[in-house]
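Undergrad:
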Amino acid sequence: MDISTICVHGCDKRYDTTGAVSVPIFSSSTFAHPGVGQSTGFDYSRSLNPTCEYLEHTIAALESGSHGIVFSSGMAAISALMELFSPGDHIVASDDLYGGSYRLFSHISQKNGVTFSYANAPEDIEKLITPATKAIFLETPTNPMMRTTDIAQIAKIKRNLLLIVDNTFLTPYLQRPLELGADIVLHSGTKYLGGHNDTLAGLLVTSDSALNEKLRFIAKTTGACLSPFDSFLIIRGIKTLAVRMERQQESARIIAKWLGEQSEVAAVHYPGLGGMISFSVKSEQVAVKILESVKVIKYAESLGGTESLITYPTLQTHADIPENERLARGIDAKLLRLSVGLEDAKDLIDDLRGAMREI
Ligand SMILES: *Cc1c(COP(=O)(O)O)cnc(C)c1O
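Take a look at the structure:
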């Protein structure tokens, strides 16, 4: 079945006999048992809730995986993942990660005894692998510089290491890491999957049953579960994922081309796929002016939703990365990141043009 059809119809789990086309929101924290030692399959919503389970099956189907687990945010999902590792373990991660992932690794995981090395090119990643290495953590394209890494190539060199891919930017509509050899896919469902800038969520998918058991144990034990209502909102968002991705990508291509032709713009970083563009302008003043002058586009963190958002990575998403490392990655005061929403592309261009002319 085509992925756009799976997006609309979700998984084939049904929980009632009314014929409801939309999955019910099971707003119940606990479930009564039919007898001692018996269960309906649902006991307590921190472990499993029908609405959340529906989303778990749906994301698993979309990512060509067998098991999904939902969390209260993308960071909650990554924090749960880090519980797979022990003091002394080493992880090789993409160089130019989402700032929150980097903050978690450098301030919390490292304190817990896990060490990290960063690289993007497969040959550089391979060189960093040591006997203590347990996992490779990839983000592709990276945030905000849009560098890409060939997942299939990394899968070839990973040996027995866990290959974890943050697929937030492209979503299963444009990239399915498990099909390319990854072991775990991770999402901030807050972004394209939810798609409406109204809900936080995190999701993990794997096809490895033993890994799923471990992750489920961690999820129910640490407790950062997603609420049934928020699960419903993500399910509802996913129904339109295919059409939103198509439209956002089409507009992003038009806008990336237009940006490349502007004298105020020094460089455009667009991988040719998806709805995210980063671009550098000629000076810090131009960057600040654009942020303060756009009207349709909102100056806000986050991405992947119906409303276009413009972000200042140096002060927002990546502010916690030490300045020298930030600058080495090209994240300076001239860099802006644009999440192209569902508005008309011409209106977005007019908005950017107007903001640049304010100068
Ligand atoms: C936003 C984001 C996260 C974190 O997700 P939250 O839902 O904000 O906790 C992780 N990875 C990427 C690539 C992101 O964009």
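Here the sequence shown stands for residues 1153 to 1511, where the numbers follow this note's numbering.
Yeah, the Cβ is synthetic: ideal placement off N, Cα and C, and Gly gets one too.
Ligand 1 and Met1227: does the residue's C-beta get closer than 8 Å to at least one heavy atom of that ligand?
TA: Answer for Met1227: yes, Cβ within range of ligand 1.
Undergrad: Could you tell me how far apart the beta carbons of Ala1213 and Ile1158 are, in whole angstroms, since I believe they sit closer than 8 Å?
TA: Yes, they are in contact, since the Cβ atoms of Ala1213 and Ile1158 sit about 5 Å apart, within 8 Å.
Undergrad: Look at Ile1462 and His1470 and say whether their C-beta atoms are less than 9 Å apart.
TA: No, the pair does not count as a contact, with Cβ atoms beyond the cut-off.
Undergrad: When we look at the beta-carbon of Ser1383 and count the other beta-carbons within 10 Å, is it buried (16 or more) or exposed?
TA: Buried: at least 16 other Cβ atoms inside 10 Å.
Undergrad: Taking the straight line between their C-alpha atoms, what separation do you get for Met1153 and Ile1429?
TA: C-alpha separation (whole angstroms): 31 Å.
Undergrad: Tell me which same chain residues have a C-beta within less than 8 Å of the C-beta of Ser1361, skipping the five on either side of it?
TA: Only Ser1218 and His1219 meet the Cβ criterion.
Undergrad: Roughly how many whole angstroms lie between the Cα atoms of Val1433 and Thr1170?
TA: Approximately 56 Å between the Cα atoms of the pair.
Undergrad: Could you tell me how far apart the beta carbons of Ala1376 and Ala1271 are, in whole angstroms, since I believe they sit closer than 8 Å?
TA: Contact doesn't hold; Cβ gap of about 29 Å is too wide.
Undergrad: Taking only runs of the beta strand (DSSP E) that begin and end inside the segment 1366-1428, which ones reach a length of at least 3 residues, in chain order?
TA: Correct list: 1417-1421.
Undergrad: In angstroms, rounded to a whole number, what distance separates the CA positions of Asp1164 and Pro1186?
TA: The straight-line gap from Cα to Cα measures roughly 25 Å.
Undergrad: What's the gap between the Cα of His1348 and the Cα of Gly1189?
TA: About 42 Å.
Undergrad: I need the boundaries of the beta strand (DSSP E) containing Ala1229, first residue and last residue.
TA: Note, Ala1229: premise wrong, no beta strand (DSSP E); alpha helix (DSSP H) at Gly1226 to Met1234.
Undergrad: When the Cα atoms are used, what is the spatial distance from Lys1441 to Glu1413?
TA: Taking the straight line from one Cα to the other gives about 19 Å.
Undergrad: Flag this pair as yes or no: are the beta carbons of Tyr1325 and Gly1456 separated by less than 9 Å?
TA: Cβ atoms of Tyr1325 and Gly1456: not closer than 9 Å.
Undergrad: In terms of alpha-carbon separation, which member of Leu1500, Tyr1206 and Ile1386 lies closest to Lys1447?
TA: Nearest of Leu1500, Tyr1206 and Ile1386 to Lys1447, Cα basis: Leu1500.
Undergrad: Taking just the CA atoms, how far does Gly1251 sit from Gln1262?
TA: Cα to Cα, Gln1262 sits roughly 15 Å from Gly1251.
Undergrad: By alpha-carbon positions, which one of Ile1306, Glu1444, Ala1452 and Thr1342 ends up nearest to Ala1334?
TA: Of Ile1306, Glu1444, Ala1452 and Thr1342, the residue nearest in Cα terms is Ile1306.
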